[in-house]
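> One structure, as structure tokens, below. Some questions next.
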Amino acid sequence: MPEAPEVHHVVQYLQRHLANQKIVQAIVTYPPLIDNMPAQNFCQQIQGQHFRQFKRLGKYIILELDDYTFVSHLRMEGKFLIVSSREEFEQLDQIRDRKHIHAQFVLEDGRIVCYKDTRKFGRMSLWPQQDDLHHLKPLSKVGKDVLDPTLCAQDLLKKASQRTIPLKTFLLDQSVIAGIGNIYADEILFATRLSPYCMPCDLSKKDMQNIIEATRSILMRAIEAGGTTILSFSYGSNHTGSFQNQLQVHGQKGNCPICGHEIEHQKINGRTTYFCPHCQKLKKKRSRKNNPIKE
DNA sequence: CCTTAGACCTGGAGGC
DNA sequence: TGCCTCCAGGTCTAAG
147 MPEAPEVHHV
157 VQYLQRHLAN
167 QKIVQAIVTY
177 PPLIDNMPAQ
187 NFCQQIQGQH
197 FRQFKRLGKY
207 IILELDDYTF
217 VSHLRMEGKF
227 LIVSSREEFE
237 QLDQIRDRKH
247 IHAQFVLEDG
257 RIVCYKDTRK
267 FGRMSLWPQQ
277 DDLHHLKPLS
287 KVGKDVLDPT
297 LCAQDLLKKA
307 SQRTIPLKTF
317 LLDQSVIAGI
327 GNIYADEILF
337 ATRLSPYCMP
347 CDLSKKDMQN
357 IIEATRSILM
367 RAIEAGGTTI
377 LSFSYGSNHT
387 GSFQNQLQVH
397 GQKGNCPICG
407 HEIEHQKING
417 RTTYFCPHCQ
427 KLKKKRSRKN
437 NPIKE
């Protein structure tokens, strides 16, 4: 579900409510949730730790504890909610909520941080602390974050060389840029007027610069709007975003806001992709074999 | 090395 | 109402 703007708000929310709180007990009721060790060990190790620092890299949530780094990925539907007491937990709806809560972190003050994940796709792991986040195993292949100011056209050009996958798929590759998901990928492509079927290796440095600028602009606006809520994104008890009202193509059934042509949607590597076939152009570089570049 | 299909899960929506 | 199929914002892996 969540892409970088949504994860950004989840991290802020956790920070506001959990900074310096002590975890007195951890309960995991769906053991596969814990990626890198038996759930029992995870619970033992995390017990007694305090939440210290809260960070995000791409779609990953990074919680620095006293002695460990706690990494969480929400995948499609993971959410954190905080209840004030065991009584409040028991009052949650069994079918809608409690059934899907797979981990609980009981705080010293009696509150319980609940991890809810209907589809059970999300994962958590606990690691010895590392100064460089990229040294943590789950983050070792993650590229620069979408909002990393050092991200530049040259980075993308390098990663795009020889790549013949659709540009849409390239933007979703977290080792290229971390934090873009299916919704924002469509919006970025529309903003740059590039077809999702462009081949990354055919793009120029200028195209890459345009992609970076569109990405920053769209993601910043999405963060300001509180993220995008289409299916189920929320955090805390009921916080949702409103960027879905500003989407230009993703999920749209009508006409292109620029040219009026009907918005199309097709599956590209398994992901539904919305685009305007009239505005969004295929680019081809044909200079490899002595053929001079046209246009 | 690169690329793609399938797997992982559940619940909601729409067709009959 | 029930049953069936398809769909969903993500990522890992196995196989070509």
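Numbers given in this note's numbering equal positions in the first sequence, counted from 1, plus 146. Think of the CB as a built atom: it goes at the ideal place given N, C-alpha and C, for glycine as much as any other residue.
Between M366 and C347, what straight-line distance do the alpha-carbon atoms span, to the nearest angstrom?
Here residue 366 is taken as the residue at index 220 of the first sequence, counted from 1. Here residue 347 is taken as the residue at index 201 of the first sequence, counted from 1. One C-alpha to the other measures close to 27 angstroms.
> For a test of the three-state rule: what should DSSP assign to K431, helix, strand or coil?
Here residue 431 refers to the residue found at position 285 of the first sequence. The answer is coil: DSSP assigns K431 none of H, G, I, E or B.
> Under a Cβ-count criterion, where at least 16 other Cβ atoms within 10 Å of its own Cβ denotes burial, should I376 be classed as buried or exposed?
Position 230 of the first sequence, counted from the first residue, corresponds to residue 376. By the neighbour-count rule (16 or more Cβ atoms within 10 Å), I376 is not buried but exposed.
> Over the uninterrupted alpha helix (DSSP H) stretch that includes I329, give me the two end residues.
Residue mapping note: residue 329 aligns to position 183 of the first sequence, counting from 1. Where I329 is concerned, the enclosing alpha helix (DSSP H) stretches over N328 to T338.
> Assuming H154 and R198 form a contact by the criterion Cβ under 8 angstroms, report the distance between their Cβ atoms to the nearest whole angstrom.
As a first step, residue 154 is located in the first sequence; it is residue number 8 there, counting from the start. As a first step, residue 198 is located in the first sequence; it is residue number 52 there, counting from the start. 19 angstroms between Cβ atoms; not a contact.
> Would you mind giving the Cβ-Cβ distance between S231 and G256, rounded to the nearest angstrom? I have them listed as a contact below 8 angstroms.
Reading the first sequence from its first residue, position 85 is the one you call residue 231. Reading the first sequence from its first residue, position 110 is the one you call residue 256. With a Cβ gap of about 5 angstroms, S231 and G256 count as contacting.
> If contacts are defined as beta-carbon pairs under 8 angstroms, then A324 and G204 qualify, I think. What distance do you get, rounded to the angstrom?
Counted from its first residue, the first sequence places residue 324 at position 178. Counted from its first residue, the first sequence places residue 204 at position 58. That belief holds up - the Cβ atoms of A324 and G204 are roughly 3 angstroms apart, short of 8 angstroms.
> Out of P284, L209 and K305, which has the shortest C-alpha to C-alpha gap to Q167?
Translated into the one-based positions of the first sequence, residue 167 becomes position 21. Selected option, being the one with the closest Cα: L209.
> Report buried or exposed for R146, applying the criterion of at least 16 other Cβ atoms within 10 angstroms of its Cβ.
The displayed coordinates of the chain run from 147 to 441. Any statement about residue 146 would go beyond what the structure contains.
> Which first and last residues belong to the alpha helix (DSSP H) in which P184 is found?
Looking up residue 184 in the first sequence gives position 38. That residue, P184, is in no alpha helix (DSSP H); it is neither H nor E in DSSP.
> Per the contact definition of three or more C-beta pairs closer than 8 angstroms, is the stretch 277-290 in contact with the stretch 336-345?
Because the criterion of three Cβ pairs below 8 angstroms is not met, the stretch 336-345 and the stretch 277-290 do not touch.
> For the alpha helix (DSSP H) holding A299, just list the boundary residues, first then last.
Numbered from its first residue, the first sequence carries residue 299 at position 153. It spans A299 to A306 - the alpha helix (DSSP H) in which A299 sits, taken as one unbroken run.
> Flag this pair as yes or no: are the beta carbons of E333 and H396 separated by less than 9 angstroms?
As a first step, residue 333 is located in the first sequence; it is residue number 187 there, counting from the start. As a first step, residue 396 is located in the first sequence; it is residue number 250 there, counting from the start. Their beta carbons are under 9 angstroms apart, which means E333 touches H396 by this criterion.
> Using a 10 Å radius around the Cβ and a threshold of 16 neighbouring Cβ atoms, would you call K351 buried or exposed?
In the first sequence, the residue the question calls residue 351 occupies position 205. Classification of K351: exposed, given that the 10 Å Cβ count is below 16.
> Classify N436 as helix, strand or coil using the three-state DSSP reduction.
Locating residue 436 in the first sequence gives position 290, counting from the first residue. Here N436 scores only 38 on pLDDT, less than 50, and its place in the model should not be relied on; the value that follows carries that caveat. In this structure, N436 counts as coil in the three-state DSSP scheme.
> Based on the DSSP output, what are the partners of Y176 in its beta bridges?
As a working mapping, residue 176 is identified with position 30 in the first sequence. None, per the DSSP bridge assignment.
> Give the straight-line distance between the Cα atoms of F226 and F235, rounded to the nearest whole angstrom.
For the purposes of this step, residue 226 is identified with residue 80 of the first sequence, where counting begins at 1. For the purposes of this step, residue 235 is identified with residue 89 of the first sequence, where counting begins at 1. Between F226 and F235, the C-alpha separation is close to 13 angstroms.
> Beta carbon of Q302, beta carbon of I357: below 9 angstroms?
One-based indexing of the first sequence puts residue 302 at position 156. One-based indexing of the first sequence puts residue 357 at position 211. Reading the sequence as shown, one finds Leu at residue 302 and not Gln. Contact: yes.
> What is the C-beta distance between K305 and P342, in whole angstroms, given that I count them as a contact (C-beta under 8 angstroms)?
Looking up residue 305 in the first sequence gives position 159. Looking up residue 342 in the first sequence gives position 196. 17 angstroms between Cβ atoms; not a contact.
> Under 8 angstroms, with one C-beta from each stretch per pair, do the stretch 414-421 and the stretch 261-272 reach the 3-pair mark?
No: the two stretches stay apart, fewer than three of their Cβ pairs being nearer than 8 angstroms.
> Quick one: what does DSSP say P312 is sitting in, helix, strand or coil?
Residue 312 sits at position 166 when you count from the first residue of the first sequence. Coil, per DSSP.
> Could you tell me which whole alpha helix (DSSP H) segments of length 4 or greater appear in the stretch 353-413?
As far as the stretch 353-413 is concerned, it has no whole alpha helix (DSSP H) run of at least 4 residues.
> Give me, in chain order, the residues of the same chain whose beta-carbon lies closer than 7 angstroms to that of E149; leave out the 5 immediate sequence neighbours on both sides.
The sequence position of residue 149 within the first sequence is 3, counting from 1. Closer than 7 angstroms at the Cβ level, and outside the excluded window around E149, lie K205, G325, I326, G327, I329 and Y330.
> Decide if A360 is buried, meaning its Cβ has at least 16 other Cβ atoms within 10 Å, or exposed.
Residue numbering aside, residue 360 sits at position 214 when the first sequence is read from its first letter. Buried, because 16 or more other Cβ atoms sit within 10 Å of the Cβ of A360.
> Taking a contact to mean a Cβ-Cβ separation below 9 angstroms, would you say K430 touches M345 in this structure?
Within the first sequence, the letter at position 284 stands for residue 430. Within the first sequence, the letter at position 199 stands for residue 345. Yes; because the gap between Cβ atoms is below 9 angstroms, this pair is in contact.
> If I measure Cβ to Cβ from Y261 and keep anything under 7 angstroms in the same chain, skipping five residues before and after, which residues do I get?
For the purposes of this step, residue 261 is taken as the residue at position 115 of the first sequence. So the list reads G224, F226, I247, H248 and A249, once near-sequence residues are dropped.
> Put C344 into one of helix, strand or coil per three-state DSSP.
Position 198 of the first sequence, counted from the first residue, corresponds to residue 344. The answer is coil: DSSP assigns C344 none of H, G, I, E or B.
> According to DSSP, simplified to helix, strand and coil, what is D163?
Here the question's residue 163 lines up with position 17 in the first sequence. It should be noted that the sequence gives His, not Asp, for residue 163. Note: H163 maps to helix in three-state DSSP.
> Could you tell me if P446 is buried or exposed, where buried requires 16 or more neighbouring beta carbons within 10 angstroms of its beta carbon?
Residue numbering for the chain in the displayed model covers 147 to 441; residue 446 lies beyond these limits and cannot be assessed.
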